Amino acid sequence: MYISRRLTLDGYEYSLNESYYDPPYYRSRVIYKLGTHPEKFIEYYSEVAFYITIEEDLKNLGIKTDQFELEELFFRFLTPEAQQCILSPFNRKRREPFPKTNIKKLDMDQIHPFDALRYIALKFGILNPQKYINQPFPFLKNLMNKSRDEIENYLWDKEDKLKFRERFKYFQAIFKLAFVEDPKKNEEIFLEKICKLAKDEKYRMGLSEEEVISRYLARYIWYYYDTFLKIFTPRPQPKIYHESDIMYKIAEVLNVSVDFVKNSSKEKILKMFRQKLKEVHPDKGGKHEEFIKIRKLMETYSKLFH
91 MYISRRLTLD
101 GYEYSLNESY
111 YDPPYYRSRV
121 IYKLGTHPEK
131 FIEYYSEVAF
141 YITIEEDLKN
151 LGIKTDQFEL
161 EELFFRFLTP
171 EAQQCILSPF
181 NRKRREPFPK
191 TNIKKLDMDQ
201 IHPFDALRYI
211 ALKFGILNPQ
221 KYINQPFPFL
231 KNLMNKSRDE
241 IENYLWDKED
251 KLKFRERFKY
261 FQAIFKLAFV
271 EDPKKNEEIF
281 LEKICKLAKD
291 EKYRMGLSEE
301 EVISRYLARY
311 IWYYYDTFLK
321 IFTPRPQPKI
331 YHESDIMYKI
341 AEVLNVSVDF
351 VKNSSKEKIL
361 KMFRQKLKEV
371 HPDKGGKHEE
381 FIKIRKLMET
391 YSKLFH
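Take a look at the structure:
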């Protein structure tokens, strides 16, 4: 079992999933929906003592588990005090790990190069993971017998632990991007690699191009435009928009008059923005660039007109 997350307009939606073999690929299915706040399933008896309440529900579904396994799955949602208690040497010695069913033998043919590349970059923090892509590192066994969804969530969780500089270096390494005077060259390289991945059946593992882009690769697209591009390429001085410029842009996007934007409450405009974002969301066939531009305009409005 593992915890899967999906991007939503307001953050993430979580579920407890499992991978199963459906030849020729491993696929993922939802066991238990956790919603947007999985921490609601953690019941605290003190500052550090807790119980994860879904154990009985899972047993009723025929799924064997215990509090130790659930503790590992829900670790990220625990309070800092509870996490520290679990990580203390005293508790680590007392813990009895959930029994593992089998020991896997490394099969490099099962592992997609992009998955190995990312794991190697995460493990060693190097800028040239491509050099070691064919090395049979034992830790790569963690990528075997998993669905595309489980692999992505496994690596995603590790990416989230990277500090700002580490994430920047990691992103540069896995897409092999270099500093160039013309940012369009890097953009072409990056988007070409994203498109190539999305078309790769071995990477998709039975999913559609739209599914792997919107569910998994979108996080790299957003990072490229939101962070990487701004730092890694020479940028002209940002244009300073006056309030009227923003109003006109909002009116154009929401298809209303400027007077309507000026005279409406912030809550109403933000509600219209959220509705617009739903309409152009990549999951519904919208373009990623349009979705990102509208989201940024919404963030600008929210900051300027508070």
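Take 91 as the starting number for the sequence shown in our numbering and just add one per residue. Even for Gly, the Cβ is constructed at its ideal location relative to N, Cα and C. From a predicted model like this one, the values you see are computed outputs, not experimental measurements.
Residues sharing a beta bridge with residue i, DSSP
i      : result
Lys123 : Ser105
Arg117 : Tyr110
Ile336 : None, per the DSSP bridge assignment.
First and last residue of the uninterrupted beta strand (DSSP E) at residue i
i      : result
Phe140 : Phe140 to Ile142
Leu99  : That residue, Leu99, is in no beta strand (DSSP E); it is neither H nor E in DSSP.
Under the three-state DSSP convention, the category residue i falls into
i      : result
Thr390 : helix
Glu137 : coil
Ser237 : coil
Asp112 : strand
Ser304 : helix
Ile279 : helix
Leu284 : Correcting the residue identity first, residue 284 is Ile in this sequence and not Leu. Helix, per DSSP.
Ile216 : coil
Ile321 : helix
Ile264 : helix
Ile132 : strand
Ile93  : strand
Val346 : coil
Leu196 : coil
His202 : coil
Leu230 : helix
Thr191 : With a pLDDT of 46 at Thr191, under the threshold of 50, the predicted position of this residue should be treated as unreliable, though the coordinate-derived value follows. Residue state, collapsed to three classes: coil.
Phe269 : coil
His378 : helix
Ile384 : helix
Ile210 : helix
Nonlocal neighbours in the same chain, by C-beta distance under 6 Å from residue i, ignoring five residues either side
i      : result
Ser109 : Tyr116, Ser118, Lys236, Ser237 and Glu240
Val370 : Gly376, Glu380 and Phe381
Arg96  : Glu103
Leu217 : Ala263
Neighbour-count burial assignment, residue i, 16 or more Cβ in a 10 Å radius
i      : result
Asn276 : buried
Asp205 : buried
Asp364 : A quick correction: the sequence has Arg, not Asp, at residue 364. Arg364 comes out exposed.
Ile321 : exposed
Asn107 : buried
Lys356 : exposed
Arg255 : exposed
Phe214 : exposed
Glu242 : buried
Glu249 : buried
Val343 : buried
Ala211 : buried
8 Å CB neighbourhood of residue i in its chain, flanking five on each side removed
i      : result
Gln173 : Phe165
Phe229 : Tyr209 and Lys213
Pro372 : Glu300, Ile303, Ser304, Ala308, His378 and Phe381
Gln385 : Note that residue 385 corresponds to Arg in the displayed sequence, not to Gln. Same-chain partners within the cutoff: Leu367.
Where the alpha helix (DSSP H) containing residue i begins and where it ends
i      : result
Asn150 : Glu145 to Asn150
Arg364 : Lys356 to Val370
Gln173 : Pro170 to Leu177
Tyr293 : Glu291 to Arg294
Gln157 : Gln157 to Leu163
7 Å Cβ shell around residue i - same chain, five flanking residues per side excluded
i      : result
His202 : Lys292 and Tyr293
Leu196 : Pro226, Pro228, Leu230 and Lys231
Val351 : Met337, Ile340, Ala341 and Ile359
Gln200 : Met234
Below-9 Å beta-carbon distance, residue i vs any chain C residue
i     : result
Ser94 : Here chain C cannot be found, since the structure has a single protein chain.
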